[in-house]
Amino acid sequence: MGRLSYIFHCIAHMDYRALLETVGTVHGLCGKNRAWLLFDITKCGFKFGAGYKDYLLCEFFNMNDAQRATFVTRGINNTITKMLNDPAYYHIFDNKNEFYTVFSAYLHRGWLDFSGSDRAAFSAFMAGKDAVICKPRDASCGVGVEKLRKADFTSLDDMYDYLEKAGADIVEEVVEQHPDMNRINPGSVNTIRVYTMLAEGVSNVVYACIRMGNSDRPVDNINAGGMYSPVDLETGKIACAACDKQRIVYERHPRTGCVLKGYQIPFWEETMALCREAAYKVPQMGYVGWDVAITADGPLFIEANNLPGHDAFPQMPLQAPDKIGILPVFQKYIKGL
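Start counting the sequence shown at 0; every next residue gets the next number (numbering that gives the first Met the number 0).
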């Protein structure tokens, strides 16, 4: 899908009520005329590939066009994906059972393809386990992910019936995160999202952030109520306070009081090396977002994304006080972007 085709596709499928609500929200923030804001949002869509959510989250209403042109918007992210990723290989990342098979050496935990297993296989897998994580095969943003405890069911047959009714496809061992990651928020596995690019056959880490849960759910996705903060690639320290999709800033994690800026991520060099190495595994996918959990024994993969979300880039006002986005970093690796 070309750039213009993509824009017109977005126009055809746009939530116009949400668009107008965003215009109202921005008007409340900056006081600019609603009609002018609607025009400006539309212009940014055509000129910069920015959706109305980009316009609000990155505060395009406080920028000139030269500054806006430095941001990786929804449309630019789509262009990067189109340039570097072959759709014929999407299925490896879209389907968790395929990803788990191809990248089995990097998982470091047991898992079961529940949809293809009978009660006997499930019972054998559950031996010695008190709890498991169950996931749908192809959902994203933490949708459908549950942590189930054996003690909450009357029997393994009862647990099997629940999973079958819920449409679970993957059942896996619970990941126990490193104590230092647990101190941030013990309610979820707080993962590191690492973005890699293959440029001229060389694997490069272009950006990384930590994602932290902020609810009773065992997921850390920012689209499921979580928050994120950039991580310094050189040091492995959290670079600044965290933000969520509501643009709320957190100097400390609200559940633990942990100060975020300057917090050291353990096994940082190993995490970078893991992602650089894995990027060569499917070279037809040159742009991947890897979700990495850090355990007491080192890093491991939770999953990976063939369309890495641009909403976790350091482009909110707190993270880009100079109003310069992350696009110049990407342009170092992609000619003609």
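Cβ coordinates follow ideal geometry from the N, Cα and C atoms, glycine included.
All values reported here derive from a predicted model rather than from experimental measurement.
Exposed or buried, what is residue i when buried is set at 16 or more other beta-carbons lying within 10 Å of its beta-carbon?
| i | result |
| --- | --- |
| TRP35 | exposed |
| THR100 | exposed |
| PHE45 | exposed |
| LEU19 | exposed |
| LYS95 | buried |
| THR80 | buried |
| HIS252 | buried |
| TYR194 | buried |
| LYS134 | buried |
| GLY337 | For residue 337 there is no data in the structure shown, the boundaries of the chain being 0 and 336. |
| ASN63 | exposed |
| GLN263 | exposed |
| THR72 | buried |
| MET13 | exposed |
If you compare alpha carbons, which of the options is closest to residue i?
| i | options | result |
| --- | --- | --- |
| ASN189 | ASP112, THR294 and CYS133 | THR294 |
| LEU28 | GLY212, CYS57, ALA49 and CYS9 | CYS57 |
| ASN76 | ALA49, ASP64 and GLN283 | ALA49 |
| TYR88 | ASN213, PRO282 and GLN245 | PRO282 |
| LYS52 | ASN32, ALA65 and CYS9 | CYS9 |
| GLY235 | ASP157, LEU259 and LYS331 | LEU259 |
| GLY143 | ALA165, HIS90 and MET158 | ALA165 |
| ALA292 | PHE92, SER187 and GLU276 | SER187 |
| GLY30 | ASN181, ALA119 and ASN61 | ASN61 |
| PHE70 | ILE91, PHE47 and THR78 | PHE47 |
| ALA303 | ILE191, ASP117 and GLU199 | ILE191 |
Assuming residue i and residue j are in contact, meaning their beta carbons sit under 8 Å apart, how far apart are those beta carbons, in whole angstroms?
| i | j | result |
| --- | --- | --- |
| ILE221 | VAL173 | Rounded, the Cβ-Cβ distance is 22 Å, inconsistent with contact. |
| MET315 | CYS208 | Not confirmed; about 11 Å, so no contact. |
| ASN184 | ARG254 | 5 Å |
| PHE113 | LEU162 | 6 Å |
| PHE312 | ILE325 | 5 Å |
| ILE333 | MET158 | Actually they do not touch by this definition, with Cβ atoms about 47 Å apart. |
| VAL328 | TYR206 | 7 Å |
| GLY225 | MET211 | 6 Å |
| TRP289 | ALA277 | 7 Å |
Run through DSSP, which three-state label would residue i get?
| i | result |
| --- | --- |
| ARG16 | helix |
| LEU111 | strand |
| GLY27 | helix |
| VAL174 | coil |
| CYS133 | strand |
| LEU83 | helix |
| GLN263 | strand |
| THR195 | strand |
| ALA337 | Nothing can be reported for residue 337: it is not among the residues displayed for the chain, which extend from 0 to 336. |
| ALA205 | Sequence check: residue 205 is Val here, not Ala. Strand. |
| TYR249 | strand |
Just curious, the alpha helix (DSSP H) that residue i is in, first and last residue?
| i | result |
| --- | --- |
| ASP64 | 64-67 |
| ILE183 | 178-183 |
| SER122 | 118-125 |
| THR190 | Element bounds for THR190: n/a, residue is neither H nor E. |
| HIS43 | One point to set straight first is that residue 43 is Cys, not His, in the sequence displayed. It spans 33-47 - the alpha helix (DSSP H) in which CYS43 sits, taken as one unbroken run. |
Can you tell me where the beta strand (DSSP E) with residue i in it begins and where it stops?
| i | result |
| --- | --- |
| ASN304 | 297-304 |
| LEU288 | The amino acid at residue 288 is misidentified as Leu; the sequence shows Gly. First-last of the beta strand (DSSP E) with GLY288: 286-294. |
| GLU145 | 145-148 |
| MET226 | 226-229 |
| ILE91 | Unbroken run through ILE91 is the alpha helix (DSSP H), 89-93; no beta strand (DSSP E). |
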